[in-house]
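J.: Below is the structure I would like to discuss, written out as structure tokens.
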Amino acid sequence: MDIHRCRFVPYQPAAINAVAFSHHKTSPANHNAVPRLAVGRANGDIEIWNPSKGVWLQEVIIRGGRDRSIDSLVWVSEPDLDLGDGHVVIGKSRLFSIGYTSTVTEWDLGKGKPKRHASGQHGDIWCIAAQPHGAGSRTTQETQHSNKLIAGTIDGELAIYAIEDDDLRFQRILVKSPTKKAQMVSITFQSRKIVIVGCSDSTIRAYDISKGHMMRKMALEPDVAGGSKDVIAWSVKCLPNGNIISGDSTGQVCIWDGKTYTQLQSIQGHKSDVLSLATSADGTAITSGGMDRRTILYKQNADAGRRWAKVWGRRYHDHDVKAMAAFEHGRMSVVVTGGPDTNLTILPLKEMGRENHRLVRGLPHQPPVASAAKARFIVSWWEREVHLWILRRTAADLQVSVDENIDINQNRRLLKTIMINGESNISSATINDEGTLLLVSTATDLKAFRIEHQTPSRASDVTLTSIEVPAGLSRLGATHVKLSPDGRWLLVIQDGTRILVARSDCSPGMAVTNLNRIQRLARLRRTIPRHISNGGLGGYSRIITHVAFSPDSKMVAVADLAGYVDTWVLRDSQQALLDGRSADDAASSASDSEESRSEDDDESGARSDMRWIRNPGAKLLPKLPTSPTILSFSDSLPEMGLSREVDGSDDYVLVAITSSWNILAFQPRRGTLTPWSRRHPRKSLPGPIQDLLDLPKGVIWQGSRLWVYGVSFLLMLDLAQDLAKPIEACASSFQHTKRKRVGANTGAGGKMQREQLAPHQVRKRGVHDQWEVVDLVDRPRVDSSESDDDMRDASEDHPEPPSMPTHTDTVTPTTDIIANGPKGWWITHKYRPILGIVPFKSAGEDAEVAIVERPTWDIGMAERYFQEEEWER
């Protein structure tokens, strides 16, 4: 397989400003009861993560927009309702955000859009907290249904927002500062009636919200290092016993008595501002993060003094540790941190110092790149920009031309940059193989462009023309758009669950003329108990996250977060009647809003009366064990006989890979698993695959070979061969991986080896006051003649294939890439963080792909406020 390595796509992950966990109890039978992590970014995006069993699946990204930012997030969970018949309705979960404006926003997770906004007569909101359920919340109607949101503003005001009866409205100003000097920076609840506020005037204040007055003012110690006159309380938290924890701009973490509001202890934990705090559920541990990039763990001594002390500290980030949240349930006990370096870091809480941390890259799970295979275009999108690139020469030609001193950087060219009108960021984009039709969707609109080109070598050779999109497609925007391989069908997912299919009138090699004949597809009715569907996140689990067309464009499949897969097949109207469709199938093929029909036949003989009907075997497809991460048809067709070669059947092959690394290959017409999939359950997969922590992002087919990639790996599975038995696999040279699970863990990276607890390096002052790093352990020497700066993130754990990539942007590995590897599979970690992989040829031994990398060192970050010499213990 010929491979281009590219890092020229200008995708810039946004800084993490806020993280927050919902508070549901984990239930394996109820997808809506699983806690979620919400991550707010500086570009207005909100990511919803599923931390169940330490998998950390990015389920949904709710796109932001121009000049928007998510600076604080808060979940509100209503009390559970016992139905008395053995069933419990999980309390409804709601997500609210602020963005340094005077507006509070509630989000509809099921549709991926804002649900409602509310604003009051006050300044910009800088912090927000939700009133907890008190001890009497189940005895009095007033306290049970009168939860509030309390917001602190830049003008020193506390504002109350009511959220009862599934509403959000500004209620009143609780406290108003006469001087506007005390800006409200951080906020938390000590009890249901008492709120603790950290301010910018060297004070922490306690307010009684039932009476609307300040109870006590706590003064912070001045900055003895000669900093600002006023100390800023960047973060405040409360322990279960009522004691208050604060982190301020002097680098101190202070513990305050929750009854007398006096300072019990102060710890100089950081060399600069403490920006974030988190506490364990039992109040025995505190973590802090600051501008010095350090994350520090504090624990209470068991002696009579019960003093707090630092027990662990390390730098896990390349910039400020701005956001932090703790999550504990069952065996899981973690702290999640984030900041301007765009990455999430998962730290063990109870086992900090004994378990490894885990780094989750800030790249999206669903790649923001696509390709026009025949035109050799690469399309990438970021926020409201679309970039159209071309790779003119093949990887094989470049490899032949290496000796001719040809600059491989000249092989690529940016043809067009498209700015999408409107306020919303791009949610999805798709392009046909000929490179003549481009569609871009946001949360509020759908744009279509005709691309005219011959053999483009510069931007002037390409012409873009906007195409009018029917109102039925554009009025609600789209979360996903997907063109069929032949370019004649457009699948649109609206509001997360509504499926529309439109026909695009075009012929091979010709420009598209218009979109028409919109058809709505109805999914199978699933039997979900009401106590599950009406609680927690409601219909969130039915959000469609993956869409796939068969290579002949005659079958389409979708999958949702709950693991349900629906399929439809293409039939002409007369054949559909002869197939004896049910009433549900007839309803699913009804048009919502149609314009004039296209011509009876086009160049390939496709008829204008073709309709999508439900696949007769759709009901036989089982529910996936966990949420899907990949859904893809193989490039084989039933009439080609290739699927018979792989599985001895005359059917399509539909592969679904789940977040638990179940690799399931279905025969969708029959509604059964393929023989290969039946012979290879998850426990039969090779150890290095089972040990992977990073989840798969995408797949490329090459005959019977399935190339699966994630942010840190590239994996090949040959569905025409049986995998080696686990005993044989363990004896192979592939028994060690870069990211291996070592025993049971609490949701982070697995147990540390004993020698990792000791320092490996120290610094000593040498001549001319120069600091030198001294290794305390023997390290293998590396021949500088064989080193490669571009591969410094690579793993040394796997033998490389005969011709691994060595050039910066374009290389050509050999076709038989598994010649020296184990039978049926191969894996490597030899790539920098992978944004996406796109194909240039659909099938065959001479398949060609482009691997788009996004190295961490190439991601721009703001300058750090705090600078010091780089050294680690």
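Position in the sequence shown (from 1) plus 231 gives the number in the working numbering.
Note that CB positions come from ideal geometry on N, CA and C, so glycine has one too.
Tell whether a beta-carbon distance below 8 Å holds between threonine 710 and serine 658.
T.: Yes, these two residues count as a Cβ contact at 8 Å.
J.: Run through DSSP, which three-state label would histidine 254 get?
T.: Three-state DSSP puts histidine 254 in coil, outside helix and strand.
J.: By the three-class DSSP mapping on this structure, what secondary structure does aspartate 398 have?
T.: Here aspartate 398 sits in coil by DSSP.
J.: What is the DSSP secondary structure of aspartate 692, counted as helix, strand or coil?
T.: Three-state result, aspartate 692: helix.
J.: Taking only the alpha-carbon atoms, compute the straight-line gap between tryptophan 1088 and aspartate 551 and give it to the nearest angstrom.
T.: Approximately 16 Å between the Cα atoms of the pair.
J.: Excluding the 5 residues preceding and the 5 following cysteine 430 in the sequence, name in chain order all residues of the same chain whose CB lies nearer than 7 Å to its CB.
T.: Closer than 7 Å at the Cβ level, and outside the excluded window around cysteine 430, lie Ala413, Gln414, Met415, Val416, Arg436 and Ala464.
J.: Do you know offhand how far glycine 561's Cα is from leucine 575's?
T.: Going from the Cα of glycine 561 to the Cα of leucine 575 covers about 22 Å.
J.: Between arginine 900 and arginine 842, how many whole angstroms is the CB-CB distance? I'm expecting something under 8 Å.
T.: About 18 Å; that fails the 8 Å criterion.
J.: Buried or exposed: which applies to serine 441, given that a residue is buried once 16 or more other Cβ atoms fall within 10 Å of its Cβ?
T.: Under this definition serine 441 is an exposed residue.
J.: Might you give, ordered along the chain, the residues of its own chain that have their beta carbon closer than 6 Å to the beta carbon of glycine 1055, omitting 5 neighbours on each side?
T.: Asp949, Gln952 and Leu954.
J.: What is the C-beta distance between valine 610 and leucine 619, in whole angstroms, given that I count them as a contact (C-beta under 8 Å)?
T.: About 6 Å; that satisfies the 8 Å criterion.
J.: Taking contact to mean at least 3 C-beta pairs separated by less than 8 Å, is the segment 533-546 in contact with the segment 491-499?
T.: Yes, they touch.
J.: Taking the DSSP output, what are the residues bridged to tyrosine 438?
T.: Val426 and Met445, per the DSSP bridge assignment.
J.: Following the continuous beta strand (DSSP E) through tryptophan 1057, name the residue where it begins and the one where it ends.
T.: Taken as a continuous stretch (DSSP letters only), the beta strand (DSSP E) holding tryptophan 1057 covers 1056-1059.
J.: Tell me, which residues are paired with asparagine 281 by DSSP?
T.: BP columns for asparagine 281 point to Leu288.
J.: Ignoring anything shorter than 4 residues or poking outside the segment 591-631, list the alpha helix (DSSP H) runs there in chain order.
T.: Correct list: 626-631.
J.: Output yes or no for whether 8 Å exceeds the beta carbon distance between cysteine 485 and isoleucine 427.
T.: No, Cβ-Cβ distance for cysteine 485 and isoleucine 427 is not below 8 Å.
J.: Does DSSP classify glycine 770 as helix, strand or coil?
T.: In this structure, glycine 770 counts as helix in the three-state DSSP scheme.
J.: I'd like the list of long-range same chain contacts for arginine 546, defined as Cβ closer than 6 Å, with 5 residues on each side in sequence excluded.
T.: Closer than 6 Å at the Cβ level, and outside the excluded window around arginine 546, lie Arg524 and Arg525.
J.: Could you check if glycine 1091 is buried or exposed, using at least 16 other CB atoms within 10 Å of its CB as the buried criterion?
T.: Exposed is the call here.
J.: Measuring CB to CB, does isoleucine 355 end up less than 8 Å from isoleucine 385?
T.: The displayed chain sequence assigns aspartate, not isoleucine, to residue 355. Cβ distance < 8 Å, so aspartate 355 and isoleucine 385 count as in contact.
J.: What residues are listed by DSSP as bridge partners for phenylalanine 327?
T.: Looking at the DSSP assignment, phenylalanine 327 forms a beta bridge with Val305 and Glu337.
J.: What would DSSP say about proline 1033, mapped onto helix, strand or coil?
T.: Its pLDDT being 32, under 50, proline 1033 is placed unreliably in this model, and the coordinates cannot settle the point.
J.: Take serine 735 as the anchor and find which of Pro345, Leu629, Asp454 and Val700 has the nearest alpha-carbon.
T.: Comparing Cα positions, the closest option is Val700.
J.: Using 8 Å as the threshold, is the C-beta distance between tryptophan 938 and leucine 916 below it?
T.: Against a cut-off of 8 Å, the Cβ pair of leucine 916 and tryptophan 938 comes out as no contact.
J.: CA-CA distance, leucine 677 and glycine 708?
T.: Taking the straight line joining both Cα atoms gives about 5 Å.
J.: Could you have a look at glutamine 921 and say whether DSSP puts it in helix, strand or coil?
T.: In this structure, glutamine 921 counts as helix in the three-state DSSP scheme.
J.: Can you check DSSP and say which residues form a bridge with tryptophan 487?
T.: DSSP lists Ile475 and Gln494 as partners of tryptophan 487.
J.: Assuming isoleucine 277 and valine 286 form a contact by the criterion Cβ under 8 Å, report the distance between their Cβ atoms to the nearest whole angstrom.
T.: Between valine 286 and isoleucine 277 the Cβ distance is about 20 Å, and since that is not below 8 Å, they are no contact.
J.: Have a look at serine 764 and serine 890 and give me their C-alpha separation to the nearest angstrom.
T.: Roughly 22 Å separates the two Cα atoms.
J.: Please go through the same chain and pick out, in chain order, the residues whose beta-carbon is closer than 6 Å to the beta-carbon of leucine 268, but skip the five residues on each side of it.
T.: Contacts found: Phe252, Trp280 and Pro282.
J.: For proline 906, does the three-state DSSP call read helix, strand or coil?
T.: Of the three classes helix, strand and coil, the one that applies to proline 906 here is helix, per DSSP.
J.: If you draw a straight line from the alpha carbon of alanine 249 to that of valine 567, how long is it in whole angstroms?
T.: About 10 Å.
J.: Beta-carbon separation of leucine 926 and leucine 288 under 8 Å?
T.: Against a cut-off of 8 Å, the Cβ pair of leucine 288 and leucine 926 comes out as a contact.
J.: State the start and end residues of the unbroken alpha helix (DSSP H) segment that holds alanine 393.
T.: Careful: alanine 393 lies outside any alpha helix (DSSP H), inside the beta strand (DSSP E) at 389-393.
J.: What is the residue span of the alpha helix (DSSP H) that serine 764 lies within?
T.: 761-764 is the span of the alpha helix (DSSP H), which, as asked, contains serine 764.
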